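Accompanying notes for the structure given below.
Protein chains: 2
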Amino acid sequence: MTSPLLHAPTADLLDRFASLVGPAYAVTDHAALAPYLKESRGLYHGTTPMLLKPGSAQEVAAILKLASETGTPIVPQGGNTGHVAGGVPREAGGDLMLSVERLTRIEDVDPVGNTLVCGAGCILADIQSRAEAAGRLFPLSLGSEGSARIGGLLSTNAGGTAVLAYGNMRQLCLGLEVVLPTGEIWNGLRRLKKDNTGYDLRDLFIGAEGTLGVITAAVLKLFPRPRGHQVAFAGLGSVADALALFERAADHAGPALTGFELMPRIGVEFTSRHIPGVRDPMASVHPWYALIDLSTADSAEGAQALMAEILEEGHAAGLVRNAVVAANAAQAKALWHMRESMSPAQKPEGGSIKHDLSVPVAAIPAFMAAADAAVLQAIPGARICAFGHMGDGNIHYNISQPVGADTAAFLARWREINAIVHAIALDLGGSISAEHGIGQLKRDELAEVRGGIEITLMRRIKDAFDPAGIMNPGKLLAQRL
Amino acid sequence: MTSPLLHAPTADLLDRFASLVGPAYAVTDHAALAPYLKESRGLYHGTTPMLLKPGSAQEVAAILKLASETGTPIVPQGGNTGHVAGGVPREAGGDLMLSVERLTRIEDVDPVGNTLVCGAGCILADIQSRAEAAGRLFPLSLGSEGSARIGGLLSTNAGGTAVLAYGNMRQLCLGLEVVLPTGEIWNGLRRLKKDNTGYDLRDLFIGAEGTLGVITAAVLKLFPRPRGHQVAFAGLGSVADALALFERAADHAGPALTGFELMPRIGVEFTSRHIPGVRDPMASVHPWYALIDLSTADSAEGAQALMAEILEEGHAAGLVRNAVVAANAAQAKALWHMRESMSPAQKPEGGSIKHDLSVPVAAIPAFMAAADAAVLQAIPGARICAFGHMGDGNIHYNISQPVGADTAAFLARWREINAIVHAIALDLGGSISAEHGIGQLKRDELAEVRGGIEITLMRRIKDAFDPAGIMNPGKLLAQRL
Numbered sequence: 001m002t003s004p005l006l007h008a009p010t011a012d013l014l015d016r017f018a019s020l021v022g023p024a025y026a027v028t029d030h031a032a033l034a035p036y037l038k039e040s041r042g043l044y045h046g047t048t049p050m051l052l053k054p055g056s057a058q059e060v061a062a063i064l065k066l067a068s069e070t071g072t073p074i075v076p077q078g079g080n081t082g083h084v085a086g087g088v089p090r091e092a093g094g095d096l097m098l099s100v101e102r103l104t105r106i107e108d109v110d111p112v113g114n115t116l117v118c119g120a121g122c123i124l125a126d127i128q129s130r131a132e133a134a135g136r137l138f139p140l141s142l143g144s145e146g147s148a149r150i151g152g153l154l155s156t157n158a159g160g161t162a163v164l165a166y167g168n169m170r171q172l173c174l175g176l177e178v179v180l181p182t183g184e185i186w187n188g189l190r191r192l193k194k195d196n197t198g199y200d201l202r203d204l205f206i207g208a209e210g211t212l213g214v215i216t217a218a219v220l221k222l223f224p225r226p227r228g229h230q231v232a233f234a235g236l237g238s239v240a241d242a243l244a245l246f247e248r249a250a251d252h253a254g255p256a257l258t259g260f261e262l263m264p265r266i267g268v269e270f271t272s273r274h275i276p277g278v279r280d281p282m283a284s285v286h287p288w289y290a291l292i293d294l295s296t297a298d299s300a301e302g303a304q305a306l307m308a309e310i311l312e313e314g315h316a317a318g319l320v321r322n323a324v325v326a327a328n329a330a331q332a333k334a335l336w337h338m339r340e341s342m343s344p345a346q347k348p349e350g351g352s353i354k355h356d357l358s359v360p361v362a363a364i365p366a367f368m369a370a371a372d373a374a375v376l377q378a379i380p381g382a383r384i385c386a387f388g389h390m391g392d393g394n395i396h397y398n399i400s401q402p403v404g405a406d407t408a409a410f411l412a413r414w415r416e417i418n419a420i421v422h423a424i425a426l427d428l429g430g431s432i433s434a435e436h437g438i439g440q441l442k443r444d445e446l447a448e449v450r451g452g453i454e455i456t457l458m459r460r461i462k463d464a465f466d467p468a469g470i471m472n473p474g475k476l477l478a479q480r481l
Numbered sequence: 001m002t003s004p005l006l007h008a009p010t011a012d013l014l015d016r017f018a019s020l021v022g023p024a025y026a027v028t029d030h031a032a033l034a035p036y037l038k039e040s041r042g043l044y045h046g047t048t049p050m051l052l053k054p055g056s057a058q059e060v061a062a063i064l065k066l067a068s069e070t071g072t073p074i075v076p077q078g079g080n081t082g083h084v085a086g087g088v089p090r091e092a093g094g095d096l097m098l099s100v101e102r103l104t105r106i107e108d109v110d111p112v113g114n115t116l117v118c119g120a121g122c123i124l125a126d127i128q129s130r131a132e133a134a135g136r137l138f139p140l141s142l143g144s145e146g147s148a149r150i151g152g153l154l155s156t157n158a159g160g161t162a163v164l165a166y167g168n169m170r171q172l173c174l175g176l177e178v179v180l181p182t183g184e185i186w187n188g189l190r191r192l193k194k195d196n197t198g199y200d201l202r203d204l205f206i207g208a209e210g211t212l213g214v215i216t217a218a219v220l221k222l223f224p225r226p227r228g229h230q231v232a233f234a235g236l237g238s239v240a241d242a243l244a245l246f247e248r249a250a251d252h253a254g255p256a257l258t259g260f261e262l263m264p265r266i267g268v269e270f271t272s273r274h275i276p277g278v279r280d281p282m283a284s285v286h287p288w289y290a291l292i293d294l295s296t297a298d299s300a301e302g303a304q305a306l307m308a309e310i311l312e313e314g315h316a317a318g319l320v321r322n323a324v325v326a327a328n329a330a331q332a333k334a335l336w337h338m339r340e341s342m343s344p345a346q347k348p349e350g351g352s353i354k355h356d357l358s359v360p361v362a363a364i365p366a367f368m369a370a371a372d373a374a375v376l377q378a379i380p381g382a383r384i385c386a387f388g389h390m391g392d393g394n395i396h397y398n399i400s401q402p403v404g405a406d407t408a409a410f411l412a413r414w415r416e417i418n419a420i421v422h423a424i425a426l427d428l429g430g431s432i433s434a435e436h437g438i439g440q441l442k443r444d445e446l447a448e449v450r451g452g453i454e455i456t457l458m459r460r461i462k463d464a465f466d467p468a469g470i471m472n473p474g475k476l477l478a479q480r481l
């Protein structure tokens, strides 16, 4: 084969791969494969001749070694909850899939050192529960936590709702075990807070979207469980007021400010209309809302006092027009549920063109003003539902189609609108992907917006780690010709 | 030249390098070069034909381009405060030096986005002051902050005394500008909290000790200034008690615990004896001490109450035998000064064999017991002065020579004792360099203790970024033959 990556594996080769994991874990049945091929937004439709479910790092190593020797492309997959088509195979077919779903061992929970060692197949919610059982917190939290797996969360450097205080997945990981494309196993499962011994290989694999190797296990950081927790929902007049309130909240709360989420009026309307159990918690109507989340080490009273201080000061400064504070955990959960339903609530409203961008926090009002004007000029009547992690500068700038418009025609303008909105974010020093990654969705755009040397360096790393080009080809970087 | 790296540059080539920065910034005078060649512990004695002081990233680029074309080794240097001989030239001579000391611009301080953009030559103390003037905190703090420069601090991923709450330099940096060995400039000066757009180049350059390129500028993170600050000094019975107290302090204070430093009795004696202005703050004598540092967002009273709670609980549990709380900023500074004088105070006591290691926090008592036994067996009468950042698992396990012993004969056992102590740390899952890095001092040992694949991956990265092998050769990795 002159260009093995362009050819589908032969039946004989598939048998060799299957023998590495045993027939029970080599899936070829169409119905069984379907959920692994379905990409979250339905924008991509990949196919695969076989899905492998290795039960150990050694089996992963055997698969990658054979893949490198035979030039067989391998697509690793975690919980398949990603939004950029990074974990599904390409449409052309021929990509073998490797699911980490059987690597679910939780080996060690150390409440003194605040670490947890687990397999890449563990589901986020299970890790959260296991930490809680040890009296500790694993703070990563996001909408898909019931099915997202640690390996995928690491490979996309997942963010979510607690990044403001605790950081992304990158900041929550101390060590990794990675199987390299050549089949070697790197054991970097260190539980150390400080370790300056050479190049930072860990952070190179985190966020690499499975293009440099397969993460098989990780050491995660745990935290003391806060004793105080308060969630409030504040009605605001403008994005600029939201920014001013964020500054005050951050100043008063310091690291106790665990969330500051921005939501528009239209998002509250969409969720109230379409999501069971969600209702507008206020009688009055406001153009913008902030969800403020505080976690304090000391006590429930400490958190209450802090929230009262922030809201009172915000009110006195004319920033907070109305506010409700969750009286208990159930009410707090309901407020977060509204926030997490912002994206799903757009579905019944027709097509939605989405963005996951970031700008420097101080630039959010300028970004919103410029983007709104440009989008409404391009698509009069478009319903902009921009929400997100204001404290991180991360806006999910989503646009629902005009009422009554043709959905397919609207969605056909996805890339055109992306280009308009991303140009505004980039002008302000922003990023075209804050937390979802690149995958297939933004691969070509990344190459366009980042200077040549940056892509060149990434390509050099890719070639150095994966000389056969087998690891998740065509994701993040274009496939080498 | 068949092996250009082994030859010193010709006079003609030196002239070409000098012309890139102008004669005023191309130093060849022996007296003027001396401070750049002096390594902090006097273990290495390098020489150089010329030190270049570029005034811009463009001049750095011109230097590296010419170096790559001519195979001339370049050693970048910041404030020359490192402890592993990573920033001084090799003894063989022929290495050109590049100081970033003229890159001292502070371009942008954004108190809303909490970022500061500065040149790699800025001195840490100046950055701290500039942040303070903007009502913000830049938390990195270490003994040499009056002369250490940002470029060197990034290249060694410096730690210091506030890592527990704020992280190492890696966690305090959002973006970089780096000149590559080939002379290309990577502008990664992003001020974004979230940016998932490909491989994490930033973290690859941080901690690379100048072997992959020259960091010329950085975006640093700022923080709100805490309103409450408390420092206490507690007398303890054992390392195990110190660990138990740390756990309680972390549980009560959460992210408000900004420092938890361990010190032995002998360290308090050494500092009281040799460091002007330092005195034992307690009348009673204890085998171990902890310095506890709290920073709270809310108020001075909040920090006081929290410290009282931790000390009272520690006392009730039989962990804290005596404690003093600093009554004002001057007293707090005096307690920190004692801690920071632990290493210099060993100098008048003769030779000192040093370690900068880390283990999982929970393993510190086991490490100390095993290391003490092994060291005292090897060198009866050795005076172990082990202190450090307990909350980070980072112990500076330093050993002063026996009273009256021959200093040269004692120091001749440096590597033998390192091997004994490091083996114990590694057995416990530890690291041979927690915060100082590898440089020349630990280069060969790193290659021994880390599995082959890890060094292989680092070598592949090095070769991909620096094909001519000009960047700080022989540091971190052995020079390629």
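Protein chains in written order, with full-length UniProt numbering: chain A, 1 to 481; chain B, 1 to 481.
No residue lacks a Cβ here, since even glycine has one placed at the ideal position from N, Cα and C.
Just so we're clear, the structure is a prediction, and the values are computed from it rather than from any experiment.
Under a three-way DSSP split, which group does residue i fall into?
i	result
Gly267 of chain B	helix
Gln128 of chain A	helix
Lys462 of chain B	helix
Ala32 of chain A	helix
Phe205 of chain A	helix
Ala18 of chain A	helix
Ala234 of chain A	strand
Thr456 of chain B	helix
Gln77 of chain A	strand
Name, please, each residue of chain A whose Cβ falls closer than 8 Å to the Cβ of residue i.
i	result
Pro255 of chain B	Ala165, Gly254, Pro255, Ala256, Ala297
Ser433 of chain B	Asp195, Asn196, Thr197
Using a C-beta to C-beta distance shorter than 8 Å, which residues of chain B count as neighbours of residue i?
i	result
His436 of chain A	Asn196
Thr115 of chain A	Pro360
Ile206 of chain A	Asp200
Using a cut-off of 7 Å between C-beta atoms, extract the partners of residue i located in chain A.
i	result
Arg191 of chain B	Pro360, Gly429
Ala468 of chain B	Within chain A, no residue comes near Ala468 of chain B; the closest Cβ sits about 14 Å away, beyond 7 Å.
Thr156 of chain B	Asn196
With a threshold of 16 other CB atoms inside 10 Å of the CB of residue i, please say whether the residue is buried or exposed.
i	result
Val285 of chain B	exposed
Asn418 of chain A	buried
Glu177 of chain A	buried
Asn472 of chain B	buried
Val179 of chain A	buried
Thr81 of chain B	buried
Glu132 of chain B	exposed
For residue i and residue j, I'd like the C-alpha separation in whole angstroms.
i	j	result
Asp110 of chain B	Ala363 of chain A	11 Å
Leu6 of chain B	Leu201 of chain B	Residue placement at Leu6 of chain B is flagged as unreliable, the pLDDT there being 46, under the threshold of 50; the coordinate-derived value follows with that caveat. About 30 Å.
Phe205 of chain A	Val214 of chain A	9 Å
Pro255 of chain A	Gln377 of chain B	46 Å
Ala423 of chain A	Gly430 of chain A	9 Å
Gly151 of chain B	Leu243 of chain A	32 Å
Ala57 of chain B	Leu64 of chain B	10 Å
residue 536 of chain A	Gly351 of chain A	The shown model of chain A, from 1 to 481, leaves out residue 536 of chain A, and the question about it has no answer.
Leu192 of chain B	Arg443 of chain A	20 Å
Tyr166 of chain B	Pro224 of chain B	12 Å
Gly22 of chain B	Ile74 of chain B	18 Å
Interface residues of chain B around residue i at Cβ under 9 Å?
i	result
Asn394 of chain A	Leu192, Lys193, Lys194
* Counting pairs of beta carbons, one from the region 183-198 of chain A and one from the region 86-106 of chain A, are three or more of them closer than 8 Å? -> no
* On the three-pair Cβ rule with 8 Å, is the region 228-243 of chain B touching the region 385-405 of chain A? -> no
* **Three CB pairs or more closer than 8 Å across the region 461-476 of chain B and the region 63-79 of chain B** => yes
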